[in-house]
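Every letter in the sequence shown is one number past the one before it in this note's numbering, and letter 339, counting from 1, is 345.
Working notes, beginning with the structure itself.
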Amino acid sequence: MNQRGDVAITPEANRPRVAVVGAGPSGLYAVRSLLEAEVEVSVDVFDRLPAPYGLVRYGVAPDNQKMKSVIRVLRNSFDEHNDVRFLGNVSFGDDLTRADLQDCYDAIIYATGTQGERGLGIPGDELPGSYGAKEFVSWYCGHPDAAERDFLLHGPQVAVVGAGNVALDVARLLAKSTDEIAATDVPDRVLETFRNNRITDIHMLSRRGPAQAKFTPIELREMGELINADIIIDPAELELTPDEEKQVAADRRQRKNISLLREWAQRPLEGKPRRVHMRFRRSPVRILGESEIDGVVLERNTLLEDGKVRGTGEFETLDVHMMLAAVGYQAQPLPDVPFDHNTSTIPHKAGRVLNEDGSPEPGEYVAGWAKRGPTGVIGTNKNDAAETVRSLLEDLVERDLDTGRHDRKRVIRLLEQRGVDYIDWAGWLRLDTHETRLGQQQSRPRVKLPDLPSMLQSSRDSEPPR
Ligand SMILES: Cc1cc2nc3c(=O)[nH]c(=O)nc-3n(C[C@H](O)[C@H](O)[C@H](O)COP(=O)(O)OP(=O)(O)OC[C@H]3O[C@@H](n4cnc5c(N)ncnc54)[C@H](O)[C@@H]3O)c2cc1C
């Protein structure tokens with residue numbers, strides 16, 4: 007139980023100070039775990055963006071507003087606790103260094119997620135028209151990094167590479183009608199692009215077979231319920247080896263996936279305006295074109311016994327003019343913070359950051375995708391962050407810190423000296439209200455402001471426009 011009840015309360019000045027870098031699910035679940043513990047702490051949560059919630063705001067698909075309701079849980083720590091501050095628009099590595107945080111806090115939790123993504127690495131990949139799904143997702147979610155970006159959805163054919171939920175999100179949004187996109191929170195200019203969506207055929211390409219696909223059944227099922235697109239699957243591509251059949255029978259997720267795919271492969275087409283072709287055991291091996299994409303060459307694959315994939319030498323060409331590769335988000339090193347380049351994560355043991363010789367860096371911790379890589383759903387970050395906070399609290403007791411040494415205003419002075427235009431929680435709430443009001447004016451859940459200057463401006467406005 008928290009000490010705020012009948013147990014003596016630690017004076018504010020003597021509380022251990024914790025910096026959480028990253029206001030995504032893992033950072034905010036870590037804050038909740040800290041608040042639920044029997045130690046009074048004061049917490050500052052930094053994010054390089056003026057808005058909190060990480061990929062809940064900038065990854066979860068805009069047509070999945072139900073999933074975004076997790077925000078109600080994540081925001082509680084700021085709404086209910088004075089000793090938790092949000093400091094947005096503060097970039098670790100640029101505005102504050104590791105040494106600054108070590109100086110101002112007793113413990114640091116890195117919860118910075120992933121900043122980059124893997125590419126296909128095939129000839130022609132650099133041509134305009136070939137993009138990473140992260141670029142596309144950031145754009146339709148209104149991430150300020152994509153403020154200058156635009157996509158032409160001229161079609162008529164597009165390929166989406168990948169066999170996970172991000173590939174499903176991207177293909178589903180491309181398949182949806184303008185009215186369906188208008189019911190989401192995408193920025194106005196993104197909605198405008200979707201109004202001019204001329205795509206008719208979306209080819210989803212999975213390198214392996216249907217039994218190896220990483221889709222989750224709930225997300226996969228939505229593809230079959232699209233009002234604007236038929237699903238086309240060649241039943242021959244769903245054939246499984248006897249071993250695969252056994253594997254599928256033993257795995258609930260795979261069983262459901264295969265059953266959905268087989269049902270759709272038999273379903274008569276309804277002549278809907280768009281078509282989603284789900285292809286398996288196909289890899290793009292070369293992108294065609296001089297100054298932009300003209301097509302993509304696919305090779306048929308076979309799966310070897312050790313699970314590896316081998317090309318069969320049978321090729322076909324798809325006449326696509328855009329290709330989106332959803333083959334994995336990937337973390338990048340944070341300045342001065344240990345990083346494992348093989349796994350693209352911050353090395354750790356139970357959330358304690360490890361240095362090169364494998365020993366823990368005192369007072370430094372990691373949570374979420376920066377800790378375990380880009381796997382799992384939002385909820386997975388809850389237990390993950392709880393483990394990290396358990397380690398941190400054990401160490402706090404062991405380290406017997408001189409916790410009165412840090413002044414809570416020190417980091418603010420540092421930011422002000424450096425001219426950093428940081429945003430506090432009240433600033434974010436003004437921005438949040440502004441976006442929600444813009445949405446109400448158009449009968450939409452919200453309309454996101456997609457660029458930094460307008461986000462900063464509306465976080466300062468005391469009277470958001472009605
Ligand atoms: C496209 C996509 C769709 C998804 N859809 C779903 C879904 O529908 N349902 C579901 O359950 N899960 C979904 N997920 C997974 C879910 O989003 C992740 O599990 C979760 O967001 C990971 O949390 P995190 O806090 O580790 O990282 P993030 O959410 O990425 O948060 C990291 C935060 O750190 C900040 N940051 C990064 N670098 C710095 C820096 N240098 N200084 C300061 N701040 C920094 C970022 O701005 C960000 O706010 C989806 C993921 C993706 C990629």
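We put the CB at the ideal spot given by N, CA and C, even for glycine.
Remember, predicted model here, so these are calculated numbers, not experimental data.
Residues that DSSP places opposite residue i in a beta bridge
i: I290; result: Note on identity: in this sequence residue 290 is Pro, with Ile being the wrong assignment. Partner(s): L304.
i: T2; result: Residue coverage of the chain in this structure runs from 7 to 472, which leaves residue 2 outside it and unanswerable.
i: I208; result: V164, V282
i: K355; result: R358
i: K370; result: According to the sequence as given, residue 370 is Glu; it is not Lys. Answer by DSSP bridge pairing, in chain order: I114.
i: A432; result: In DSSP, A432 forms no bridge with anything.
i: L48; result: Reading off the sequence, residue 48 comes out as Ser, not Leu. In DSSP, S48 forms a bridge with R23.
i: G122; result: Q336
i: R316; result: T308
i: L40; result: Answer is none; L40 lacks a bridge partner.
i: E235; result: In the sequence as presented, Glu is not what sits at residue 235; that position holds Ala. In the DSSP output, where bridge partners are listed per residue, A235 has R280.
i: F92; result: V51
i: S136; result: M329
i: D346; result: T351
i: L102; result: F98
Exposure label - residue i; buried when at least 16 CB within 10 Å
i: H149; result: buried
i: V326; result: buried
i: F321; result: exposed
i: D12; result: Model confidence at D12 stands at a pLDDT of 43, short of 50, so the residue's coordinates are unreliable and nothing is read from them.
i: A255; result: exposed
i: Q9; result: Residue confidence for Q9 is low, a pLDDT of 41 falling below 50, so the modelled location carries little weight and cannot support an answer.
i: K454; result: buried
i: K182; result: buried
i: P56; result: buried
i: R466; result: exposed
i: P380; result: buried
i: A105; result: exposed
i: D191; result: buried
i: I205; result: buried
i: E269; result: exposed
i: A432; result: exposed
i: S464; result: buried
i: P279; result: exposed
i: M7; result: Caution is warranted here: a pLDDT of 39 is assigned to M7, below 50, making its placement in the model unreliable, and the coordinate value is therefore given only provisionally. Per the 10 Å Cβ criterion, exposed.
i: D249; result: exposed
i: R21; result: buried
i: L421; result: buried
i: V383; result: exposed
i: N95; result: buried
i: L275; result: exposed
i: R472; result: Because the pLDDT at R472 is just 44, under 50, the model does not fix this residue reliably, and the value given afterwards should be weighed accordingly. Exposed, by the Cβ-count rule.
i: Q163; result: buried
i: L444; result: buried
i: P134; result: exposed
i: Q447; result: exposed
Whole-angstrom C-beta distance between residue j and residue i, which should lie under 8 Å
i: A36; j: T386; result: That belief does not hold up - the Cβ atoms of A36 and T386 are roughly 13 Å apart, past 8 Å.
i: V24; j: D112; result: 7 Å
i: A43; j: L399; result: 5 Å
i: L80; j: D50; result: Not really, about 16 Å apart at Cβ, beyond 8 Å.
i: P216; j: L267; result: 5 Å
i: R285; j: S365; result: So it is not a contact: roughly 48 Å between Cβ atoms.
i: L435; j: M461; result: In fact, because the Cβ distance is near 13 Å, the residues do not count as touching under 8 Å.
i: L244; j: A271; result: 6 Å
i: A117; j: V26; result: 6 Å
i: A6; j: A139; result: Beyond the ends of the chain as shown, which are 7 and 472, falls residue 6; an answer cannot be given.
i: A219; j: A169; result: 4 Å
i: I115; j: V372; result: 7 Å
Do three or more CB pairs link the segment 371-385 to the segment 413-422 at distances below 8 Å?
-> no
Touching by the beta-carbon criterion (3+ pairs, under 8 Å), the segment 172-188 and the segment 318-335 | These segments touch.
Can at least three beta-carbon pairs, one atom from the segment 335-345 and one from the segment 120-131, be found at a separation below 8 Å?
-> Yes, since at least three Cβ pairs between the segment 335-345 and the segment 120-131 fall closer than 8 Å, the two stretches touch.
Check whether the segment 191-199 touches the segment 156-173, taking contact to mean three or more Cβ pairs, one atom from each stretch, closer than 8 Å.
-> yes
Any 3 or more C-beta pairs closer than 8 Å across the segment 230-246 and the segment 344-361 = no
Using 8 Å as the threshold, is the segment 95-112 in touch with the segment 59-70, meaning 3 or more CB pairs across them?
-> Segments in contact, no.
Should the segment 425-434 be called in touch with the segment 84-102, which here means at least 3 C-beta pairs below 8 Å?
-> yes
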